[in-house]
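J.: My questions will all concern the structure given below.
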Amino acid sequence: DCIFLGLLRPAPLDSRNLRAWVAPNGVVLCTDPQFSALTGLQGEDMVGKPFQTFCTDMAVVETMLEQCREASFEALVAGTIVHQLSLAHRYVPPVPVEIKVTQGGTDSQRIFVLNAHRTDDNTDGLMVVDTKGGISFATWDVAAMLGYPLKRFVKLKLDQLLPPPFASLHATKHL
187 DCIFLGLLRP
197 APLDSRNLRA
207 WVAPNGVVLC
217 TDPQFSALTG
227 LQGEDMVGKP
237 FQTFCTDMAV
247 VETMLEQCRE
257 ASFEALVAGT
267 IVHQLSLAHR
277 YVPPVPVEIK
287 VTQGGTDSQR
297 IFVLNAHRTD
307 DNTDGLMVVD
317 TKGGISFATW
327 DVAAMLGYPL
337 KRFVKLKLDQ
347 LLPPPFASLH
357 ATKHL
């Protein structure tokens, strides 16, 4: 009889590692927090939706998924399937990406891992504020730069981030 103790820490986020896990039929199973920078949607808003709806050219995505379904397990593990796509973003123009597909499951139970890399080399963070001063969307790197976890950051108001006297200029009653 043994007892094992362990300590789990979240892996540090990396702006170059943008992944989405997709079922063979194209339904998004989950995403990295960083992947939302490519679509303008939080991860929980993408889960359960077809990946094709996040792309500007659905035919290219259908071709990529068909190629993934027909590929051998070894080809998926090696990451030989690569496609250029443009992802529709909620707040900015479409984002050009290169998608490298790898295997995330077993040969009998396939899950495709879409490893995305921006081809325009833009790594700018984004924060979107609504008309009442509430933060409605932010990328994880902006939240981290200001010292907040992303889930807590998107619940803040703009005036909570600013020092006086600037905070009073951006308070809800003045917007």
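So the sequence shown is residues 187 to 361, counted in the numbering used here. Cβ coordinates follow ideal geometry from the N, Cα and C atoms, glycine included.
1. What three-state label does DSSP hand residue 287 in the structure shown?
2. Can you tell me where the beta strand (DSSP E) with residue 270 in it begins and where it stops?
3. Quick one: measure Cβ to Cβ for residue 234 and residue 213, integer angstroms, because I've assumed they're closer than 8 Å.
4. I'd like the list of long-range same chain contacts for residue 211, defined as Cβ closer than 6 Å, with 5 residues on each side in sequence excluded.
5. Please confirm if the region 304–317 is in contact with the region 281–293, defined as three or more CB-CB distances below 8 Å between the two stretches.
6. Our contact map puts residue 217 next to residue 229 with C-beta atoms below 8 Å; I'd like the distance itself, whole angstroms only.
7. Since residue 339 contacts residue 329 with CB under 8 Å, what's their CB separation in whole angstroms?
8. Report buried or exposed for residue 192, applying the criterion of at least 16 other Cβ atoms within 10 angstroms of its Cβ.
9. First and last residue of the alpha helix (DSSP H) that includes residue 188?
T.: With the structure as the only source:
1. DSSP places residue 287 in strand when its eight states are reduced to three.
2. 267–273
3. Yes, residue 234 and residue 213 are in contact; Cβ-Cβ is about 6 Å, under 8 Å.
4. Around residue 211: no qualifying Cβ.
5. yes
6. The beta carbons of residue 217 and residue 229 sit about 4 Å from each other, so the pair counts as a contact at 8 Å.
7. 4 Å
8. exposed
9. Unbroken run through residue 188: none, as it is neither H nor E.
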